[in-house]
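Below is one structure, written out as structure tokens; comments come after it.
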Amino acid sequence: MRDKSGPVSVLIFYPRYLPGTGKSPVELYLYELAKRWVNEGNRVTIFCSNLKKGTSFSEQDGIQILRRGSSFSVYIWAALHYLTQFKGKYDVIIDCEHRFPFFTPLYADLPVIYFAHPFVHELGRLNRLLKFIETTLIPRVYRHAGVVTLSTAHKKVLTKKLRLLRSIKTIFPGTVRNKQVTKKSKHPLIVYNGNLAHELAFECLVKTFRKVLIQRPRATLTILDPNKKLAQELKKELPVQSVTFASQLSDEQKTRLLGRAWVAVNTSPIAESGSTVLEANSCGTPVVCADTPGVSELVRNGLSGFVVPVGDDYAFARAINRILSHTYIRERMENLAIAWAEKFSWETTAHQFLKFIKSFTRPRVRPRRTSTSLAR
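Residues 438 to 813, numbered by my numbering, are exactly what the sequence shown covers, in order.
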């Protein structure tokens with residue numbers, strides 16, 4: 438029988454650049470979990486890609502972050518570092534997929550957890566290669582690995598389409614409880630909190646907000662973390678005085694903004710993490726989102742928000758106007774949103790994931806290594 442007590446040493450392979458704190462939903466997920474694992478006495482190292490002038494090593498909240506290579510060469514660097522520096526020093530590997538995973542079972546002699554978050558990537562000519570990797574290579578390489586995903590819908594895809602027969606665990610993201618409820622803005626404020634890069638998401642948002650302005654001309658739209666190109670395009674498509682942009686906000690500023698909003702919107706047709714839904718709900722803000730995996734299943738339809746068909750700007754506008762125009766409905770959904778978000782916490786998520794790790798690996802007690810050993 439495996440020993441399920443005691444600390445573990447966790448090695449996380451993540452292909453993108455990690456600045457030190459989570460920015461994207463997946464990075465936030467990994468960072469919040471790793472931080473709590475370290476606080477419980479476990480050791481966590483994250484190996485990720487680097488920028489041209491980025492720091493190659495840092496330590497954040499006890500998490501060791503080692504950065505090597507670009508977003509493509511990081512896969513080669515990961516294999517080399519494992520074989521030359523990491524081998525024999527960890528208990529488990531968490532292999533994070535972005536465009537494709539690290540295929541760690543091919544060279545690592547440790548238990549592997551394949552972290553398959555429900556994101557969809559479109560890479561033009563590389564789509565055929567990605568399809569081959571998903572349908573042929575991943576089922577073969579990861580047939581003995583544990584699998585964790587963020588949504589039950591993606592779990593079904595992995596079970597059927599990818600033929601991953603090993604135990605697949607759905608572990609939903611958490612949220613930080615908002616202890617102080619922010620007073621709502623005087624006039625209707627809509628916050629877009631999601632991926633806006635997809636063409637359908639952009640078009641749907643523009644058409645939706647135009648329809649909202651017909652009934653609520655004093656409504657304003659704030660876009661969270663848009664890139665410069667999208668910001669310029671939105672200024673051309675929508676009234677300048679009705680749209681604002683919020684970038685590089687602190688956690689406190691983002692919480693205050695979401696708290697002032699009357700409704701949070703996500704028109705993205707691609708699968709995402711449901712953390713954006715829980716963020717808004719914890720601030721007492723109902724959500725209107727597209728019916729996509731990872732997001733819609735964390736919305737209590739009609740209670741903490743509304744789920745509408747993908748790309749249906751008429752349905753989006755109706756749902757938003759229903760919240761904006763009826764005080765009773767809005768206040769009721771605000772209270773229900775807070776109660777719903779309180780059911781999810783990062784502490785619970787971290788505990789579930791660590792329990793899954795310990796279910797098929799034997800922790801070994803070893804002295805904690807200093808950061809300088811990894812920095813070399």
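The beta-carbon is built from N, C-alpha and C at its ideal position, and this holds for glycine as well. Because the structure is a prediction, the values reported are computed rather than measured.
The continuous alpha helix (DSSP H) containing GLN789 extends over residues 783-795. THR607: not part of any alpha helix (DSSP H); member of the beta strand (DSSP E) spanning 605-607, first to last residue. With contacts defined as CB atoms closer than 8 angstroms, ILE550 and GLY525 fail to qualify as a contacting pair. In the DSSP assignment, SER719 falls outside any beta strand (DSSP E) and lies within the alpha helix (DSSP H) extending over 712-719.
DSSP, read as helix, strand or coil, puts VAL736 in coil.
For PRO462, the enclosing alpha helix (DSSP H) has its first and last residue at 462-476. Close CB contacts of GLU674 within its chain, under the 8 angstroms cut and outside five residues either way in sequence, are with VAL643 (chain order). Between the segment 731-746 and the segment 771-789 there are three or more C-beta pairs closer than 8 angstroms, enough to call the two in contact. For the segment 642-682, the full-length beta strand (DSSP E) segments reaching 3 residues or more read 657-661 along the chain. Closest option to PRO676, judged by alpha-carbon separation, among VAL481, ARG536, LEU658 and TRP699: LEU658.
Shortest Cα-Cα distance from GLU496 to any of ILE757, LEU455 and CYS533 involves LEU455.
Under the 8 angstroms Cβ criterion, the segment 565-583 does not count as touching the segment 464-474, having fewer than three qualifying pairs. Rounded to the nearest angstrom, the gap between the Cα atoms of SER510 and GLY491 is 15 angstroms. Counted as a single uninterrupted DSSP element, the alpha helix (DSSP H) harbouring PRO576 occupies residues 575-578.
For LEU517, there is no enclosing beta strand (DSSP E); the enclosing alpha helix (DSSP H) covers residues 511-518. Counting along the chain, the unbroken beta strand (DSSP E) around GLU496 starts and ends at 494-497. For ASP532, the pairing in a beta bridge is given by DSSP as PHE450 and TYR551.
In the structure shown, the three-state DSSP call for SER762 is helix. With 16 or more other CB atoms across the displayed protein chains lying within 10 angstroms of its CB, TYR629 is buried. The beta-carbon separation of PRO452 and CYS533, rounded to 7 angstroms, stays under the 8 angstroms limit for a contact. Here DSSP, grouped into helix, strand and coil, assigns THR612 to coil. When the five nearest sequence neighbours on each side are left out, the beta carbons in the same chain lying within less than 7 angstroms of the beta carbon of PHE790 are those of LEU470, VAL585 and ILE608, in order along the chain.
By the C-beta density criterion, GLU784 is exposed, having fewer than 16 other C-beta atoms within 10 angstroms. Looking at the DSSP output, LEU626 shares a beta bridge with THR657.
In the displayed model, ARG480 falls within a strand according to three-state DSSP.
A Cβ-Cβ contact shorter than 8 angstroms links VAL745 with ALA727. Contact between the segment 696-714 and the segment 637-654 is present: 3 or more CB-CB pairs across the two stretches fall below 8 angstroms. Ranked by how close their Cα comes to the Cα of ASP546, the residues ILE794, ARG655, PRO723 and ILE530 have ILE530 in first place. With contacts defined as CB atoms closer than 8 angstroms, PHE484 and HIS518 qualify as a contacting pair.
GLY499 is not a Cβ neighbour of THR786, given a cutoff of 8 angstroms.
In terms of Cα proximity to GLN652, the closest of PRO625, LEU661, GLY631 and LYS672 is PRO625. Checking the DSSP bridge columns, you'll see ASN703 partnered with CYS726.
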